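Every letter in the sequence shown is one number past the one before it in numbering that gives the first Met the number 0, and letter 31, counting from 1, is 30.
Don't be surprised by glycine CBs; every beta carbon is placed ideally from N, CA and C.
Everything numeric in this text was worked out from a predicted model, so none of it was measured.
Report on one structure; see the data block that follows.
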Amino acid sequence: MDKVSASAAEAVADIPDGASLAVGGFGLSGIPDVLIQALHAQGATGLEVVSNNCGVDGRGLGVLLADRRIARVTGSYVGENKEFARQYLSGELEVELVPQGTLAERLRAGGAGIPAFYTPAGVGTQVARGGLPWRYAAGGTSRPEAGEGVVAVASPPKETRDFAGRPHVLEHGITTDYALVRAWRGDRHGNLVFRKSAANFNPLAAMAGRVTVAEVEELVEPGELSPAEVHLPGIFVQRIVALTPAQAADKQIEKRTVRT
0 MDKVSASAAE AVADIPDGAS LAVGGFGLSG IPDVLIQALH AQGATGLEVV SNNCGVDGRG
60 LGVLLADRRI ARVTGSYVGE NKEFARQYLS GELEVELVPQ GTLAERLRAG GAGIPAFYTP
120 AGVGTQVARG GLPWRYAAGG TSRPEAGEGV VAVASPPKET RDFAGRPHVL EHGITTDYAL
180 VRAWRGDRHG NLVFRKSAAN FNPLAAMAGR VTVAEVEELV EPGELSPAEV HLPGIFVQRI
240 VALTPAQAAD KQIEKRTVRT
């Protein structure tokens, strides 16, 4: 029952090339940065990542992206990463863009054992009709703003069905080989508590992973967490990494806005 790994490096050591990963966080808020850095040092490549976004240039998943470790991304926001845009538009990276709420529910559904569900999000758009560019041909787009460029892989059309006279799109649940998440507190059994904005995609990503690795800012003993305060039960978590105080305090944000 003791799921604590000796280090982040040990916790991610068996992630192979080509593995699929669900990664928690929103922007740089609540990302499992220590685990991402350990995975970067470990050297796995050809990764298929499911995450709200792909970090920023030089931080978070952006570190893996810059070294060409990521082959495919399923996400909902890409606006803070110039290298991401460059790789996508040049045909080097496959990208499946998903409405943000749909992405959250696909992860939750996968973790709950629900294979698919219907949602009104995306009705009447290319999300439902298909044809969204997932991957451009080598060389990419010369004028992406004009829609030019040869699409090598496009999204397929999705099944639609009316409920109460309103059309809905069929979306599939997501499960991944591994999940990397960050929590505020966790015990040795894997029970996790998320704090403030870190309770974004972290619980959902943790549910979707077949092997979930959680870095925690504070490790406590079993019984110290009240059942009422546990956000994610340990059944979803296979490995725990306790952060040092310095690692726990190292929290970045994409843009800091202060009053003059």
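Among all the DSSP beta bridges, which residues are the ones paired with residue i?
i           : result
residue 274 : This structure cannot settle anything about residue 274, because the visible part of the chain is limited to 0 through 259.
residue 116 : 170
residue 239 : 3, 213
residue 219 : 186
residue 25  : 28
residue 162 : 165
For my contact list, residue i and residue j are in at a C-beta cut-off of 8 angstroms; report their separation, rounded to the angstrom.
i           : j           : result
residue 64  : residue 86  : 7 angstroms
residue 181 : residue 10  : Actually they do not touch by this definition, with Cβ atoms about 13 angstroms apart.
residue 128 : residue 156 : 6 angstroms
residue 200 : residue 61  : That pair is no contact at about 16 angstroms.
residue 117 : residue 160 : 6 angstroms
residue 41  : residue 12  : 6 angstroms
Verify whether the separation of the beta carbon atoms of residue i and residue j is less than 8 angstroms.
i           : j           : result
residue 55  : residue 20  : no
residue 153 : residue 133 : yes
residue 59  : residue 27  : yes
residue 191 : residue 218 : no
residue 105 : residue 173 : yes
residue 214 : residue 236 : no
residue 176 : residue 210 : yes
residue 2   : residue 189 : yes
residue 135 : residue 149 : yes
residue 212 : residue 34  : yes
On the three-state DSSP scale, how would you describe residue i?
i           : result
residue 196 : helix
residue 93  : strand
residue 72  : strand
residue 185 : strand
residue 132 : strand
residue 257 : coil
residue 304 : The first residue shown for the chain is 0 and the last is 259, placing residue 304 beyond what the model contains.
residue 101 : helix
residue 67  : coil
residue 62  : helix
residue 208 : strand
residue 137 : coil
residue 126 : helix
residue 224 : coil
residue 12  : coil
residue 146 : Caution is warranted here: a pLDDT of 48 is assigned to residue 146, below 50, making its placement in the model unreliable, and the coordinate value is therefore given only provisionally. Correct three-state label for residue 146: coil.
residue 245 : helix
residue 43  : coil
residue 153 : strand
When you compare only the Cα positions, how much space is there between residue i and residue j?
i           : j           : result
residue 165 : residue 207 : 29 angstroms
residue 91  : residue 249 : 31 angstroms
residue 145 : residue 84  : For residue 145, the pLDDT reaches just 49, beneath the cut-off of 50, and the residue's location in the model is therefore unreliable, although a value from the coordinates is still provided. Each residue's alpha carbon lies about 15 angstroms from the other.
residue 137 : residue 44  : 20 angstroms
residue 184 : residue 216 : 6 angstroms
residue 53  : residue 229 : 28 angstroms
residue 7   : residue 221 : 21 angstroms
residue 17  : residue 69  : 9 angstroms
residue 197 : residue 178 : 15 angstroms
residue 15  : residue 73  : 19 angstroms
residue 78  : residue 99  : 14 angstroms
residue 101 : residue 110 : 14 angstroms
residue 88  : residue 170 : 26 angstroms
residue 233 : residue 32  : 21 angstroms
residue 114 : residue 107 : 10 angstroms
residue 252 : residue 224 : 29 angstroms
residue 119 : residue 167 : 4 angstroms
residue 75  : residue 124 : 15 angstroms
Check whether the Cβ of residue i lies closer than 8 angstroms to any Cβ atom in chain D.
i           : result
residue 174 : Of the protein chains in this structure there is only one, and it is not chain D.
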